[in-house]
Amino acid sequence: MTQSRLPPCGRPAHRGSKLTPENILTEAQKMWQAQGKIPSVRALAECLQVDPMAIYYYFRNKQQLLEALATALADTVYQPDPQAPRRQELGRLAESYLHLLYTYSGLLTVLLSAEGDGPSECFRRRYLLIIASCGLSDTRRTAILHLLADALHGHSAAIRRTDYTYEQSRALFQPVLALISELIEHPGVSLS
1 MTQSRLPPCG RPAHRGSKLT PENILTEAQK MWQAQGKIPS VRALAECLQV
51 DPMAIYYYFR NKQQLLEALA TALADTVYQP DPQAPRRQEL GRLAESYLHL
101 LYTYSGLLTV LLSAEGDGPS ECFRRRYLLI IASCGLSDTR RTAILHLLAD
151 ALHGHSAAIR RTDYTYEQSR ALFQPVLALI SELIEHPGVS LS
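Going by full-length UniProt numbering, the first residue of the sequence shown is number 1, and it counts up by one from there.
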């Protein structure tokens with residue numbers, strides 16, 4: 001009787017294993033982009049040539065895997081330059097985030113169902129970097145962040161139901177972005 005070369009179910013191979021959380025996330029990201037949908041754990045395991053349970057060795061469940069993947073994707077959003085013009089950087093951040101939501105079908109659902117703050121924290125840090133020198137109150141800063149996030153998410157959800165290209169989607173979002181920029185640049189404008 002020959003011994004199997006595969007590790008026991010649910011465990012990665014010990015020596016020479018290339019299975020790591022980072023490799024799993026990288027492959028899942030590639031599959032998601034190529035297939036246009038969230039990959040199943042089974043398909044991901046097949047692509048990585050491991051038992052599906054080996055993925056659960058690193059991620060408790062599919063939701064944890066999806067949240068880690070969403071955080072990794074959110075971390076690819078445009079990194080603003082605090083020295084550049086605020087309006088320009090806010091536009092680049094918003095467009096980068098819209099592009100991410102446009103590219104990864106289903107990402108918005110993952111983001112909205114996330115139990116942790118990982119993905120939203122990535123965006124929040126970048127937003128705060130852009131507006132750091134504005135002197136806005138914490139309340140106003142948070143209100144504008146929520147307005148921007150809600151506008152981006154609502155726009156993305158609406159665009160998903162059309163056949164608009166990303167460029168058309170981006171153009172349609174420009175008036176909203178201009179309004180949000182005005183709220184940041186002119187603190188006297190009421191949010192109520």
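Don't be surprised by glycine CBs; every beta carbon is placed ideally from N, CA and C.
- Would you give the residue range spanned by the alpha helix (DSSP H) that Phe173 belongs to? Tyr166 to Glu185
- Query: When you compare each of Ala28, Ile180 and Glu95 to Lys62 by their alpha carbons, which one comes out closest?
  - Reply: Ala28
- Item | Of the listed residues Ala151, Leu183 and Pro187, nearest to Arg170 (C-alpha basis) | Ala151
- Task: Can you grab the Cα-Cα spacing for the pair Glu167 / Arg86, in whole Å?
- Result: 22 Å
- Thinking C-beta only, is Leu101 closer than 8 Å to Pro80? no
- Message: Can you tell me where the alpha helix (DSSP H) holding Lys37 begins and where it ends?
- Response: Element bounds for Lys37: n/a, residue is neither H nor E.
- Item | Gln64 versus Pro119, Ser133 and Leu179, residue with shortest Cα-Cα distance | Pro119
- Message: Quick check: what's the CA-CA separation for Pro187 versus Val50?
- Response: 55 Å
- Task: Verify whether the separation of the beta carbon atoms of Ile24 and Tyr56 is less than 8 Å.
- Result: no
- C-beta contact flag for Ser130 and Glu95 at 8 Å: Note on residue identity: the sequence assigns Ile, not Ser, to residue 130. The answer is no: Cβ separation not under 8 Å.
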